[in-house]
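Encoded as structure tokens, the structure appears first; notes follow it.
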Amino acid sequence: MVNCNCDTANALAVIGGKWKILMLYHISKGDKGFNELVRLLVGITPHTLSKDLRELIEDGLVEKTILQHIPPRTSYQLTDVGRELEPILLKIKEFGHRHPIKRH
């Protein structure tokens, strides 16, 4: 990542990477458990998911709730700060719909 005092670079430092935008998009559609995210994010490893979720939590975009089930389950949801990204996530989805990948 570019080391500069730039708002865009700061935002990309938080949400950049291969998986974070997709993680945020799926979580924005409703609370998700860890295993559900593994299924939705085809190709992600549990290690990478865990690391990226931890970073999103540390950056204040996602919060983790431990549900009192047997066995205990975790649930991830957007924080108020994370919800600020919802219009951007929708625009990215719309852009992807209008401009499908042409290279393989």
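With the first letter of the sequence shown counted as 1, position 76 gets the number 76 in the UniProt record's numbering; the numbers rise by one all the way through.
Where a beta carbon is used, it is the ideal one built from N, C-alpha and C, also for glycine.
- The DSSP-derived three-state label of valine 62 is strand.
- Around the beta carbon of glycine 96, fewer than 16 other beta carbons sit within 10 angstroms, so the residue counts as exposed.
- For threonine 48, the closest C-alpha among the options Ile101, Leu61 and Lys18 is that of Lys18.
- In this structure, His69 is the residue among His69, Ile21, Ala13 and Cys6 with its C-alpha nearest to the C-alpha of glycine 33.
- Leaving aside the five residues that flank isoleucine 66 on each side, the residues in its chain whose CB is nearer than 7 Å to its CB run, in chain order, Pro72 and Thr74.
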